[in-house]
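A.B. asks: Protein chains in written order, with UniProt numbering: chain A, 1 to 294; chain B, 1 to 294.
In this text, a Cβ means the ideal position worked out from N, Cα and C, and glycines have one as well.
Keep in mind the model is a prediction, meaning the values are calculated, not measured.
I'd like to ask some things about the structure below.
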């Protein structure tokens with residue numbers, strides 16, 4: 001038997017991501033003790049009933065006492081307040097991390113509360129499902145997926161290496177990026193697609209009128225995929241859009257421009273413009289499949 | 001053994017849909033003979049090599065001689081010309097059908113060429129994959145999916161019943177709709193989602209710049225689903241947008257309006273507006289799951 005990487009891991013927040021970290025860490029034997037804390041007693045009770053961790057309470061600071069690794073797994077908008085609350089309980093040498101889908105604003109919110117002698121390694125596991133809450137967690141969530149570390153330049157390299165080793169042990173591939181690059185990339189590949197899926201499902205619901213039953217019944221191909229995406233956790237996604245505002249608005253403007261170009265091509269019957277784009281996007285899909293991501 | 005429904009079925013066009021009809025009809029023993037014809041010799045050779053039908057040639061009219069059932073399986077924009085070409089070969093009492101994703105414009109294009117004594121029953125199997133061509137066909141494509149018949153008011157009821165029985169025997173559920181209602185419903189549930197997926201994948205590709213490798217590598221969740229949709233057949237989809245122009249432009253305008261509403265909410269930090277929509281779309285997904293379509 002190899003030694004566990006940590007004596008004690010504390011998870012602040014125990015939803016889909018926190019629960020999955022707990023289960024994957026236990027699967028890998030990565031810690032002697034895994035505890036969690038969440039603000040809602042009901043969520044803590046569920047986590048305890050499911051035995052996701054050794055113990056889940058509602059006192060965030062208490063959970064962090066003596067922890068070698070603390071991972072804040074709350075929605076992005078709650079990361080700052082959670083860090084302020086746990087700061088006094090963090091022991092020297094402890095690593096604090098997070099799992100937020102936006103990185104620069106989370107760094108801005110958490111960094112000021114990190115005590116001297118504690119290492120902060122911002123992290124984003126690019127994995128998830130449309131389900132949320134502690135019941136949604138599963139040990140395989142990160143297997144083969146990417147986790148992105150965005151450590152500020154002055155972060156202790158050993159702490160970054162430890163977090164990288166931890167995520168690899170959870171089953172993930174790991175890459176490192178500048179926080180602002182991360183936010184721009186995710187705005188394109190994740191945030192904009194979610195915003196559009198949310199919009200179109202709402203539009204369809206409004207438009208249906210007397211045809212609403214048929215709209216749902218014949219919701220084939222495209223629309224079904226969109227409804228799945230648009231079922232993702234509302235709080236998490238509200239926070240993402242509010243906290244990655246600049247990057248989302250920028251890609252959204254580009255998207256609108258491109259959509260108007262197609263709208264005009266449809267109105268004027270310019271089939272070649274449609275055909276050219278549709279051929280190009282097919283190639284992009286092939287490149288993705290080649291990269292084993294599809 | 002029950003008698004086959006038809007002595008001879010002729011398929012005009014033998015791509016994903018035509019090929020799947022052939023395989024599903026054979027699986028069900030629905031015809032003594034199934035032939036096909038397609039304009040491109042290369043496609044015909046592939047269909048023959050795969051033994052999708054008893055014989056596939058390149059003479060559209062010749063394939064239809066003596067057929068009890070002719071199904072035009074070309075892209076929507078080619079239905080009119082194909083019908084004109086096969087018209088002289090159609091025997092009295094023959095049923096002509098199609099599989100177009102748009103119905104009113106296909107009716108307008110095909111109807112004038114249908115000879116007296118031949119029955120025309122426009123049909124749309126709401127099924128497909130992002131793959132195309134004869135190799136993409138498979139017998140199970142229609143199992144449990146919906147097929148919509150949009151017969152004009154004066155269509156022979158017996159012919160409509162026969163087409164309904166045929167699609168049920170292919171594994172499909174069948175419903176009947178007014179052609180214009182069909183086009184409005186599909187504009188929402190299928191055409192708009194595809195247009196948006198095509199757009200966003202193009203936008204992402206343009207935006208990536210020096211981050212393009214990362215954009216592809218971290219293409220998780222939302223974006224991956226969009227690339228799959230945006231890999232659909234370019235000719236088929238160009239024709240759909242050009243032939244369902246009015247309905248697509250109408251739903252597109254509504255979508256743009258709704259997207260600008262969210263864009264403004266993001267810019268002004270109005271999280272409640274985002275949260276309210278995201279909560280509503282989650283309910284829509286639950287309704288869909290309840291209908292067993294997701």
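(1) Excluding sequence positions up to five away, which residues of its chain have a Cβ less than 7 Å from the Cβ of residue 86 of chain B?
(2) What span of residues does the alpha helix (DSSP H) with residue 73 of chain B cover, start to end?
(3) Measuring only between beta-carbons, confirm whether residue 190 of chain B sits less than 8 Å from chain A.
(4) Starting from residue 256 of chain A, follow the alpha helix (DSSP H) in both directions and report where the run begins and ends.
(5) Would a check of beta-carbon distances place residue 287 of chain A closer than 8 Å to chain B?
(6) Take the Cβ of residue 119 of chain A as the centre, count every other Cβ of all protein chains shown within 10 Å, and call the residue buried at 16 or more, exposed below.
(7) Along the alpha helix (DSSP H) that carries residue 355 of chain B, what are the first and last residues, could you check?
(8) Give me the chain B residues within the contact set of residue 135 of chain A, using Cβ-Cβ distance strictly less than 8 Å, ordered along the chain.
(9) Relative to the C-alpha of residue 266 of chain B, which residue among A:192, A:166, A:114 and A:5 is closest?
(10) Kindly give me the distance between the Cβ atoms of residue 218 of chain A and residue 126 of chain B, rounded to whole angstroms, as I take these residues to be in contact under 8 Å.
(11) Do you know how far the Cα of residue 213 of chain A is from the Cα of residue 185 of chain B?
(12) Any beta carbon of chain B sitting closer than 8 Å to that of residue 6 of chain A?
(13) At a CB-CB cut-off below 7 Å, which residues of chain A make contact with residue 22 of chain B?
(14) Taking Cβ-Cβ distances below 7 Å as the criterion, which residues of the stretch 258-283 of chain B are in contact with chain A?
(15) Taking the alpha helix (DSSP H) that residue 84 of chain A belongs to, which residues open and close that run?
(16) Have a look at the DSSP bridge pairing and note the partners of residue 125 of chain B.
(17) Which ranges would you report for the beta strand (DSSP E) in the stretch 13-69 of chain B if only whole runs of at least 3 residues count?
(18) Terminal residues of the continuous beta strand (DSSP E) containing residue 173 of chain B?
(19) If we count the other Cβ atoms within 10 Å of its Cβ and call it buried at 16 or more, is residue 188 of chain A buried or exposed?
(20) Check the Cβ-Cβ distances between residue 254 of chain A and every residue of chain B, and say whether any is below 8 Å.
(21) Is the beta carbon of residue 252 of chain B less than 8 Å from the beta carbon of residue 256 of chain A?
(22) Give the C-beta separation of residue 172 of chain B and residue 142 of chain B to the nearest angstrom, bearing in mind that I take them to be a contact with Cβ-Cβ under 8 Å.
(23) Going residue by residue through the stretch 189-214 of chain B, where are the continuous alpha helix (DSSP H) segments of at least 4 residues, counting only ones entirely within it?
(24) Could you check if residue 8 of chain A is buried or exposed, using at least 16 other CB atoms within 10 Å of its CB as the buried criterion?
(25) Ignore the nearest five residues each way along the sequence and tell me which others in residue 235 of chain B's own chain have a CB closer than 6 Å to its CB.
(26) With 8 Å set as the bound, which would you pick, yes or no: does the beta-carbon of residue 17 of chain B sit closer than that to a beta-carbon of chain A?
(27) Report the rounded CA-to-CA distance for residue 20 of chain A versus residue 226 of chain B, giving the unit in angstroms.
(28) Check residue 158 of chain A in the structure and name its three-state DSSP category.
(29) Would you tell me roughly how many angstroms separate the C-alpha atoms of residue 190 of chain A and residue 55 of chain A, rounded to the nearest one?
(30) When you compare the CB of residue 25 of chain B with every CB in chain D, is at least one pair closer than 8 Å?
(31) Report yes or no: is there a C-beta of chain B within less than 8 Å of the C-beta of residue 296 of chain A?
(32) Taking residue 232 of chain A as the reference, give the member of B:276, B:206, B:26 and B:258 with the closest Cα.
(33) Taking 8 Å as the CB-CB cut-off, is residue 294 of chain A touching chain B?
(34) Could you tell me whether the stretch 24-43 of chain A touches the stretch 161-177 of chain A, where touching means 3 or more Cβ pairs closer than 8 Å?
(35) Quick check: what's the CA-CA separation for residue 238 of chain A versus residue 195 of chain B?
(36) Would you tell me roughly how many angstroms separate the C-alpha atoms of residue 48 of chain B and residue 57 of chain B, rounded to the nearest one?
C.D. replies: Once the coordinates are examined:
(1) Counting from 1 along the second chain, the entry for residue 86 of chain B is found at position 86. These residues qualify, in order along the chain: 12, 60, 61, 64 and 70.
(2) Against the second chain, residue 73 of chain B aligns to sequence position 73. Segment: none, residue 73 of chain B is in no alpha helix (DSSP H) and carries neither H nor E.
(3) For the purposes of this step, residue 190 of chain B is identified with residue 190 of the second chain, where counting begins at 1. For residue 190 of chain B, the answer is yes, since a Cβ of chain A falls inside 8 Å of its Cβ.
(4) Within the first chain, the letter at position 256 stands for residue 256 of chain A. That run of the alpha helix (DSSP H) goes 245-267.
(5) Your numbering for residue 287 of chain A matches position 287 in the first chain. Yes - at least one Cβ of chain B is within 8 Å of the one on residue 287 of chain A.
(6) As a first step, residue 119 of chain A is located in the first chain; it is residue number 119 there, counting from the start. So residue 119 of chain A counts as buried.
(7) The displayed coordinates of chain B run from 1 to 294. Any statement about residue 355 of chain B would go beyond what the structure contains.
(8) As a working note, residue 135 of chain A is residue 135 in the first chain. Ordered by position in chain B, no residue passes the 8 Å Cβ test against residue 135 of chain A, which lies about 15 Å from the chain.
(9) Walking along the second chain from the start, residue 266 of chain B turns up at place 266. Per the Cα distances, A:192.
(10) The residue labelled residue 218 of chain A in the question sits at position 218 within the first chain. The residue labelled residue 126 of chain B in the question sits at position 126 within the second chain. Correct: roughly 5 Å between the Cβ atoms.
(11) Counted from its first residue, the second chain places residue 185 of chain B at position 185. Counted from its first residue, the first chain places residue 213 of chain A at position 213. If I take the Cα positions, the gap works out to 10 Å.
(12) Translated into the one-based positions of the first chain, residue 6 of chain A becomes position 6. Cβ-Cβ to chain B under 8 Å: no for residue 6 of chain A.
(13) One-based indexing of the second chain puts residue 22 of chain B at position 22. Simply none; closest approach about 21 Å.
(14) 258, 259, 262, 263, 266, 267, 269, 271, 274, 275, 277, 278, 279, 280, 281 and 282
(15) Your numbering for residue 84 of chain A matches position 84 in the first chain. From DSSP, the alpha helix (DSSP H) with residue 84 of chain A extends over 79-86.
(16) Taking the second chain and counting its residues from 1, the one referred to as residue 125 of chain B is at position 125. Looking at the DSSP assignment, residue 125 of chain B forms a beta bridge with B:147.
(17) 31-37 and 55-57
(18) If you number the second chain from 1, residue 173 of chain B lands on position 173. Segment 173-176, the beta strand (DSSP E) holding residue 173 of chain B.
(19) Locating residue 188 of chain A in the first chain gives position 188, counting from the first residue. With 16 or more other Cβ atoms within 10 Å, it is buried.
(20) For the purposes of this step, residue 254 of chain A is taken as the residue at position 254 of the first chain. Yes, its Cβ sits closer than 8 Å to a Cβ of chain B.
(21) Counting from one through the second chain, the residue named residue 252 of chain B turns up at place 252. Counting from one through the first chain, the residue named residue 256 of chain A turns up at place 256. Going by C-beta atoms, residue 252 of chain B is not nearer than 8 Å to residue 256 of chain A.
(22) For the purposes of this step, residue 172 of chain B is taken as the residue at position 172 of the second chain. For the purposes of this step, residue 142 of chain B is taken as the residue at position 142 of the second chain. Indeed they touch by this definition, with Cβ atoms about 4 Å apart.
(23) 192-208
(24) By 1-based counting over the first chain, the position of residue 8 of chain A is 8. Residue 8 of chain A comes out buried.
(25) The residue you call residue 235 of chain B lines up with position 235 of the second chain. Result list for residue 235 of chain B: 75, in chain order.
(26) Within the second chain, residue 17 of chain B is the residue found at index 17, counting from 1. No, residue 17 of chain B lies away from the interface with chain A (no Cβ there is under 8 Å from its Cβ).
(27) Taking the first residue of the first chain as position 1, residue 20 of chain A is located at position 20. Taking the first residue of the second chain as position 1, residue 226 of chain B is located at position 226. Those two C-alpha atoms are separated by around 26 Å.
(28) In the first chain, counting from the first residue as 1, residue 158 of chain A sits at position 158. Three-state result, residue 158 of chain A: helix.
(29) The sequence position of residue 190 of chain A within the first chain is 190, counting from 1. The sequence position of residue 55 of chain A within the first chain is 55, counting from 1. Spanning the two alpha carbons is a distance of roughly 33 Å.
(30) No chain D appears in this structure, whose protein chains are A and B.
(31) In this structure chain A extends from 1 to 294, so residue 296 of chain A is not present and cannot be described.
(32) On the first chain, position 232 is the one that residue 232 of chain A refers to. Measuring from the Cα of residue 232 of chain A, the nearest candidate turns out to be B:276.
(33) Taking the first chain and counting its residues from 1, the one referred to as residue 294 of chain A is at position 294. Summary for residue 294 of chain A: the model assigns pLDDT 49, below 50, so the residue's position carries little reliability, and this model does not support an answer.
(34) yes
(35) In the first chain, the residue the question calls residue 238 of chain A occupies position 238. In the second chain, the residue the question calls residue 195 of chain B occupies position 195. Computed Cα separation, rounded: 25 Å.
(36) As a first step, residue 48 of chain B is located in the second chain; it is residue number 48 there, counting from the start. As a first step, residue 57 of chain B is located in the second chain; it is residue number 57 there, counting from the start. So the two alpha carbons sit approximately 9 Å from each other.
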